[in-house]
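Asker: Have a look at the structure that comes next, please.
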Amino acid sequence: NAGVTQTPKFQVLKTGQSMTLQCAQDMNHNSMYWYRQDPGMGLRLIYYSASEGTTDKGEVPNGYNVSRLNKREFSLRLESAAPSQTSVYFCASSEGWAAWSNQPQHFGDGTRLSIL
Amino acid sequence: GQQVMQIPQYQHVQEGEDFTTYCNSSTTLSNIQWYKQRPGGHPVFLIQLVKSGEVKKQKRLTFQFGEAKKNSSLHITATQTTDVGTYFCAGPEDNAGGTSYGKLTFGQGTILTVHP
Numbered sequence: 663n664a665g666v667t668q669t670p671k672f673q674v675l676k677t678g679q680s681m682t683l684q685c686a687q688d689m690n691h692n693s694m695y696w697y698r699q700d701p702g703m704g705l706r707l708i709y710y711s712a713s714e715g716t717t718d719k720g721e722v723p724n725g726y727n728v729s730r731l732n733k734r735e736f737s738l739r740l741e742s743a744a745p746s747q748t749s750v751y752f753c754a755s756s757e758g759w760a761a762w763s764n765q766p767q768h769f770g771d772g773t774r775l776s777i778l
Numbered sequence: 695g696q697q698v699m700q701i702p703q704y705q706h707v708q709e710g711e712d713f714t715t716y717c718n719s720s721t722t723l724s725n726i727q728w729y730k731q732r733p734g735g736h737p738v739f740l741i742q743l744v745k746s747g748e749v750k751k752q753k754r755l756t757f758q759f760g761e762a763k764k765n766s767s768l769h770i771t772a773t774q775t776t777d778v779g780t781y782f783c784a785g786p787e788d789n790a791g792g793t794s795y796g797k798l799t800f801g802q803g804t805i806l807t808v809h810p
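As given, the protein sequences belong to chains A and B, one line each in that order.
Residue numbering for the first sequence follows this note's numbering, starting at 663 and increasing by one per position.
Residue numbering for the second sequence follows this note's numbering, starting at 695 and increasing by one per position.
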């Protein structure tokens, strides 16, 4: 049982290049999330998908797009990379939510992305 | 928007000393979660608190949820080198009474170092 798998683990891009970060979960979770982590900033939500077929913006969506390809996979795309997007990117998934509670989020190992 | 603040940002302790991190939200939370991230690793869910005034223990870790459900704390008794890492609190995003769809707002985290 792999949990949440992210690829690639490391990537270096030049300004203006594009790339897609891949994420897949094998826990049959409904909800999936993309975060970026910068020093001193905690985890900031980029986009999320509450269920298959839906996506919505999080706190810092500018410069990114996402695709919920199916229930398992949720990809993050940088169309024209900028140095400000240098960060560690985490994908996470959870079963979903209830009115009084949130299911725990399970994180992938992260992608360390540098943009020169 | 909703803010979740953690203090301190850094804490250095000698092995065997106690450690506490505090989490404060600008809004009332329906629940709060705590995560631990080891250096170079990904966040891992520790616990969720739901009830006002709730206290939960996991071995040397004690978690509290405030009576007003706006603050929380994590206390580690007699720290060990295995406790090293960043501890995050996270609360459901405030959607003005609507569902958060499982989204969480993370605090900036407290980085704990333990000197042997």
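Idealized CB from N, CA, C, for every residue including glycine.
1) What does the alpha-carbon distance come out to for the pair I821 (chain B) and G704 (chain A)?
2) For F672 (chain A), is the classification buried or exposed, using 16 other Cβ atoms within 10 angstroms of its Cβ as the cut-off for buried?
3) Q767 (chain A) touches chain B at which residues, Cβ-Cβ below 7 Å?
4) How is Q703 (chain B) classed by DSSP in three states: helix, strand or coil?
5) Using three-state DSSP, classify Q747 (chain A) as helix, strand or coil.
6) Of the residues A:P723, A:K719 and A:A712, which one's Cα is nearest the Cα of E757 (chain A)?
7) Quick one: Cα of V744 (chain B) to Cα of Q697 (chain B), how far?
8) Quick one: what's got a C-beta closer than 7 Å to G715 (chain A)'s C-beta in the same chain, skipping five residues either side?
9) Note down the Cα distance separating T667 (chain A) from N718 (chain B), rounded to an integer number of angstroms.
10) In terms of residue numbering, what span does the beta strand (DSSP E) encompassing V674 (chain A) cover?
11) My guess is that A743 (chain A) and I777 (chain A) are in contact by the Cβ rule of under 8 Å, so how many angstroms apart are they, rounded?
12) Quick one: Cα of N732 (chain A) to Cα of L683 (chain A), how far?
13) How would you call Q703 (chain B), buried or exposed, if buried means at least 16 neighbouring beta carbons within 10 angstroms?
14) Is DSSP giving T775 (chain B) helix, strand or coil here?
15) Please report the straight-line C-alpha distance between Q774 (chain B) and G678 (chain A), rounded to a whole angstrom.
16) To which residues of the same chain is R774 (chain A) closer than 6 Å at the C-beta, ignoring the five residues directly before and after it?
17) Give me the chain B residues within the contact set of F752 (chain A), using Cβ-Cβ distance strictly less than 9 Å, ordered along the chain.
18) According to a CB-to-CB cut-off of less than 7 Å, which residues of the stretch 764-787 of chain B neighbour chain A?
19) Apart from the five residues just before and just after E748 (chain B), which ones in its own chain have a Cβ nearer than 6 Å to its Cβ?
20) With distances taken from CA atoms, which of B:E709, B:K797, B:Q731 and B:G735 is nearest R706 (chain A)?
21) Does the beta-carbon distance from Q727 (chain B) to P670 (chain A) come in below 8 Å?
22) Under the rule that 16 or more other beta-carbon atoms within 10 Å means buried, what is M689 (chain A), buried or exposed?
23) Where does G779 (chain B) land, buried or exposed, given buried means 16+ other C-beta within 10 angstroms?
24) Going along chain A, which residues have a C-beta under 7 Å from Q802 (chain B)?
Answerer: Walking through what the data contain:
1) This structure does not reach residue 821 (chain B), given that chain B is present from 695 up to 810, and the question cannot be answered.
2) exposed
3) F739 and L798
4) coil
5) helix
6) A:A712
7) 19 Å
8) R730
9) 32 Å
10) F672 to L675
11) 5 Å
12) 15 Å
13) exposed
14) helix
15) 45 Å
16) F672 and V750
17) H736 and P737
18) F782 and P786
19) F759
20) B:K797
21) no
22) exposed
23) buried
24) G702, M703 and G704
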